[in-house]
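**Student:** In the working numbering, the protein residues as written are 20 to 429.
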Amino acid sequence: MLGKNGAFTRANFDRNDVSALTNYDALIVGAGFAGAVTARRLAEDGNKKVLVLERRDHVAGNAYDCLDAAGILIHQYGPHIFHTNDKRVFDYLSRFTRWRDYQHTVVASIPRDSAGHGRLQYPVPFNLDSMEAAFGPEEGKRLGDKLIAAYGAEKKVTILELRQNPDPEISAIADYVYEHVFVHYTMKQWGQRPEEIDPATTARVPVFLSRDPRYFQDAYQGMPLEGYTPMFERMLDHPNITVELGSDALKRLELDSGVIKLDGEAFNGPVVYTGQADELFAFQFSPLPYRTLDFRYETIDRDYFQSHGTVNYTVDEDFTRITEFKHLTGQKKPGVTTIMREYSKTYAGADHEIPYYAIINPDNNALYAKYKAEADKFPQLRLLGRLAEYKYYNMDAIAARALALADEMR
Ligand code: FAD
Ligand code: UDP
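1) How do the stretch 288-304 and the stretch 102-120 stand: do at least 3 beta-carbon pairs fall below 8 Å, yes or no?
2) Closest by CA to R271, which one among K364, A45, L72?
3) By the 10 Å Cβ neighbour count, where 16 or more other Cβ atoms means buried, how is Y409 classified, buried or exposed?
4) State the DSSP-derived secondary structure class of E408, mapped to helix, strand or coil.
5) Evaluate R117 with the Cβ neighbour count: other Cβ atoms within 10 Å of its Cβ, from every protein chain shown; 16 or more gives buried, anything less gives exposed.
6) If you scan the stretch 109-164 from start to end, which runs of the beta strand (DSSP E) of 3 or more residues do you find wholly inside it?
7) Pick from T205, L162, I93: whose alpha carbon is nearest that of H346?
8) Can you tell me whether T57 is buried or exposed? The criterion is at least 16 other CB atoms within 10 Å of its CB, across all chains shown.
9) Keeping to the same chain, check which residues put their C-beta closer than 8 Å to that of D148; ignore five residues upstream and five downstream.
10) So, L403 versus A421, is the Cβ gap smaller than 8 Å?
11) Please name the residue, chosen from Y234, G354, D337, that lies closest to D322 on a Cα-to-Cα basis.
12) Going along the chain, which residues of its own chain have a beta-carbon closer than 6 Å to the beta-carbon of F224, five neighbours each way excluded?
13) Between K165 and H199, what straight-line distance do the alpha-carbon atoms span, to the nearest angstrom?
14) For the ligand FAD, is there any heavy atom lying closer than 7 Å to the beta carbon of V48?
15) Determine which residues share a DSSP beta bridge with E284 and list them.
16) Short check: CB of T357 to CB of Y316, under 8 Å?
17) When burial is assigned at 16 or more other CB atoms within 10 Å of the CB, is T365 buried or exposed?
18) Does V76 pass the burial test, meaning 16 or more other C-beta atoms within 10 Å, or should it be called exposed?
Dropping the structure here:
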């Protein structure tokens, strides 16, 4: 429901009369990208009555944004920058938001010497300009040309691939980048070295033989003009959708012998579950490992704190990166800014912790497969999303999965 001034009224999300659960054709657990996109598609194109249960007191999942006490628009669960090459996803989401053009740039901040005198900054992904900043203009240019001769201009080369190159000079560049960009950051983020984690993870940030300073090269990138939360509120604003906030589905669902019950009654329609797969089955095969994050915010009385949206501390400090939201959102608010430092640690399952990153490796994938096999015993149940599928999905990838799943289910 849209209010008079176009703002979303939260009344729509209050607990409705749920006495007639049989009125619903489909049940969705979670109102993040996976749940919200599926709900809208089923409600609109499948003409299904959809009940969405969301444990938190807000929609948008980890993409949720809101104003902080200083009036700065922040991302409560980590910085989210939308980027995609998938026109279908971009067009779909564009129905619910206009966009602010924002091309994310990131720099690495590195101490110049071991005594900590001054800091060097250069683009990440490490590119031809980073090379010149690190090795000096002439030597950096020569080394960049050498890499281009080996791999091609505008090519992306993963750090693990670069480290395989037998040429002594290229190997020395690889060692430099490994040491100054990857190894310490990856140790902070994952507690493991780059060669110990899933290669697809470091491949997200390859060495880029280009002068393009952007973090992503996708055709469509930007930020929802008024933020992610209003985009989700519009997506879920449909007469066939009821959203219940503050409702933990696991307290209401029973899964037994191929039958799913909601509030004690058999529910026969499709159930799309976007929470943790291990939690759904009471951790019966042991919990799936995750990394969690501590976000520490600081509000500072000045226009801006740093030069870029995100600065990665790739060599020193305990945190991985600092994000300054005003750069991302384009919010104009003189004299005040909010920054956020990210500290990564093992997820221990404590109540206040959130499982942000699946730790993808063969053992954990095998453990996940056991939960998936349990889910497959319930033909009406679909696991969808970063948690439910135990995958490292970006927002666009999960939106694409949700559209595809809804196509199948309609
Ligand atoms: P979620 O957003 O986690 O939504 C799942 C929802 O289900 C949650 O709201 C949860 O409360 C709810 N839920 C779980 N269990 C239950 C239950 N039992 N009952 C009711 N509700 C339940 N992607 C990008 O494309 N660009 C970025 O810049 C980017 N930055 C990121 C930064 C960080 C720090 C992190 C962690 C992720 C980032 N991502 C980014 C990834 C992005 O967050 C995910 O792709 C996206 O949020 C996945 O959506 P989802 O619906 O699968 O999961
Ligand atoms: N990475 C790194 N140094 C950097 C940036 C990234 O070592 O400056 C590695 C690190 O292992 C990280 C991975 O690349 O976890 C993926 O980085 P990305 O920025 O995509 O991570 P996310 O934003 O998803 O946390």
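Note that the Cβ used here is the ideal one computed from N, Cα and C, for glycine as well. Just so it is clear, the structure is predicted and the values come from calculations on it, not from any experiment.
**Tutor:** Put simply:
1) no
2) Distances from the alpha-carbon of R271 to those of K364, A45, L72 put L72 closest.
3) buried
4) coil
5) exposed
6) Runs found: 118-120, 125-130, 138-143.
7) I93
8) buried
9) The beta carbon of D148 sits closer than 8 Å to those of Y141, P142, R230, P232, all from its chain and outside the five residues before and after it, given in chain order.
10) Yes, Cβ-Cβ distance for L403 and A421 is below 8 Å.
11) G354
12) The sequence shown places Val at residue 224, rather than the Phe named in the question. Closer than 6 Å at the Cβ level, and outside the excluded window around V224, lie P144.
13) Each residue's Cα considered, the two are about 20 Å apart.
14) Answer for V48: yes, Cβ within range of the ligand FAD.
15) L281
16) yes
17) Result: exposed.
18) Checking the sequence, you will find Asp at residue 76 rather than Val. D76 should be labelled exposed.
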